[in-house]
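Peer 1: After the structure tokens below, expect a handful of questions from me.
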Amino acid sequence: MQRAPNGRIFFIDHNQKTTTWIDPRTGCASSLPAAAAASAGAEADELGALPEGWEERVHTDGRIFFIDHNTRTTQWEDPRLSNPQIAGPAVPYSRDYKRKYEYLKSQLRKPSNVPNKFEIKVRRNSILEDSYRIISSVSRLDLLKTKLWVEFESEVGLDYGGLAREWFFLLSKEMFNPYYGLFEYSAMDNYTLQINPNSGVCNEEHLNYFKFIGRVAGMAIYHGKLLDAFFIRPFYKMMLSKTIELQDMESVDLEYYNSLMWIKENDPSELYLTFSVDEEQFGKTIQRE
């Protein structure tokens, strides 16, 4: 259970990696704090009255929706925001992402002299171990660029793209699960991931597993598939060989970032700081120089 920036309580299901306003104990949605509700009301007043025939209501999950009695329809968007005099000019559609993605695809080297497909046969209840064994055993990496033919054991089906998409999705949920010790949640939330500095303690094969995960990530990019994971900003910058700056720490650990900024802007001599770091390992605090 945590609080959103507006003060409203929400609930985190770490098993499914989802959040909800609904209290799992009571089945009721958490209420919007009075201050936030007043703020929302003040914002609505600034937009002026609703158009004729419109009504504003609150859904059972706490979200505000709007009813158009003229057409007998409902919508989440405030109809006043479609008025350019209130919302301002419409934001022009950007093709930057699409153009970048198409450019990236055009730069990827196509494989040659390879079979027409690469077979991946796994068990659903051992998808991580089976996939690790298959992908890690590939010595010729161009094979991973061919058509992926995924088959789940004891299941009959032809892979026309759907099974491969499901394989990437299910595998990513296992690969990035903090339970295996390779990754951990950042200090800011319970869904953004970072590499676990103690991964070697949790898994002796951690470096081989990271190599395997890198291959899967490359396959996902090449084949245009989704990986169900979100990383901290420095992780993406390292993948792009960009320099990590102090400002990047703000999105990783705000408390640590504020401490570093205070040290940077003030005289820390009276704090008796040392060039060491305390690490938690299996309930014990270990200090490293």
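Converting from the sequence shown to the numbering used here requires adding 6 to each position, the first position being numbered 1.
Don't be surprised by glycine CBs; every beta carbon is placed ideally from N, CA and C.
Measure how close the beta-carbons of P57 and P85 come, nearest whole angstrom, since I'm counting them as under 8 angstroms.
Peer 2: By one-based count along the sequence shown, residue 57 stands at place 51. By one-based count along the sequence shown, residue 85 stands at place 79. P57 to P85, Cβ: 6 angstroms. Contact.
Peer 1: Identify, in the order they occur along the chain, each residue of the same chain with its Cβ nearer than 8 angstroms to the Cβ of T152, setting aside the five sequence neighbours on each side.
Peer 2: Within the sequence shown, residue 152 is the residue found at index 146, counting from 1. Closer than 8 angstroms at Cβ, skipping near neighbours: P117, V120, P121, N122, K123 and F124.
Peer 1: Using DSSP with H/G/I as helix, E/B as strand and the rest coil, what is L87?
Peer 2: Mapped onto the sequence shown, residue 87 falls at position 81. Residue state, collapsed to three classes: helix.
Peer 1: Tell me the rounded alpha-carbon separation between M245 and Y262.
Peer 2: Along the sequence shown, read from residue 1 onward, the residue named residue 245 stands at position 239. Along the sequence shown, read from residue 1 onward, the residue named residue 262 stands at position 256. Their Cα atoms are separated by approximately 23 angstroms.
Peer 1: Looking at the unbroken alpha helix (DSSP H) that takes in I296, where does it start and where does it end?
Peer 2: Since the displayed the chain opens at 7 and closes at 295, residue 296 lies outside it and no answer follows.
Peer 1: Going residue by residue through the segment 185-240, where are the continuous beta strand (DSSP E) segments of at least 3 residues, counting only ones entirely within it?
Peer 2: Qualifying beta strand (DSSP E) stretches, in chain order: 189-191 and 198-201.
Peer 1: For the beta strand (DSSP E) that E62 lies in, which residues bound it at each end?
Peer 2: Taking the sequence shown and counting its residues from 1, the one referred to as residue 62 is at position 56. W60 to V64 is the span of the beta strand (DSSP E), which, as asked, contains E62.
Peer 1: Give a yes or no on whether the C-beta atoms belonging to L150 and Y215 are separated by under 9 angstroms.
Peer 2: Working through the sequence shown from its first residue, we reach residue 150 at position 144. Working through the sequence shown from its first residue, we reach residue 215 at position 209. Result no, Cβ atoms of L150 and Y215 do not sit closer than 9 angstroms.
Peer 1: DSSP three-state label for E286, please.
Peer 2: Counted from its first residue, the sequence shown places residue 286 at position 280. Residue state, collapsed to three classes: strand.
Peer 1: Flag this pair as touching only if the segment 245-255 and the segment 173-184 have three or more C-beta atom pairs under 8 angstroms; answer yes or no.
Peer 2: At 8 angstroms Cβ cutoff, the stretches do not touch.
Peer 1: Is it true that the CB of G187 sits closer than 9 angstroms to the CB of N204?
Peer 2: Start at 1 with the first residue of the sequence shown, and residue 204 comes out as number 198. Start at 1 with the first residue of the sequence shown, and residue 187 comes out as number 181. Yes, these two residues count as a Cβ contact at 9 angstroms.
Peer 1: Who pairs with Q293 in a beta bridge, going by DSSP?
Peer 2: Along the sequence shown, one-based indexing puts residue 293 at 287. Per DSSP, D284.
Peer 1: Restricting to Cα atoms, I'd like to know which of S160, R146, E285 and F237 is closest to Y191.
Peer 2: For the purposes of this step, residue 191 is taken as residue 185 along the sequence shown, with counting starting at 1. Nearest C-alpha to Y191: F237.
Peer 1: Does DSSP classify F182 as helix, strand or coil?
Peer 2: As a first step, residue 182 is located in the sequence shown; it is residue number 176 there, counting from the start. Coil.
Peer 1: What are the boundary residues of the beta strand (DSSP E) that includes L149?
Peer 2: Numbered from 1 along the sequence shown, position 143 holds the residue referred to as residue 149. From DSSP, L149 is part of no beta strand (DSSP E); its letter is neither H nor E.
Peer 1: Taking just the CA atoms, how far does E211 sit from S45?
Peer 2: Taking the sequence shown and counting its residues from 1, the one referred to as residue 45 is at position 39. Taking the sequence shown and counting its residues from 1, the one referred to as residue 211 is at position 205. Low local confidence applies: a pLDDT of 49 at S45 is under 50, so the model's placement there is unreliable, with the coordinate-based value given in what follows. Whole-angstrom Cα-Cα distance: 52 angstroms.
Peer 1: Quick one: Cα of F189 to Cα of Q113, how far?
Peer 2: Working through the sequence shown from its first residue, we reach residue 189 at position 183. Working through the sequence shown from its first residue, we reach residue 113 at position 107. Taking the straight line joining both Cα atoms gives about 30 angstroms.
Peer 1: Counting C-beta neighbours from all protein chains within 10 Å, is the total for Q293 16 or more, i.e. buried, or is it exposed?
Peer 2: If you number the sequence shown from 1, residue 293 lands on position 287. Q293 comes out exposed.
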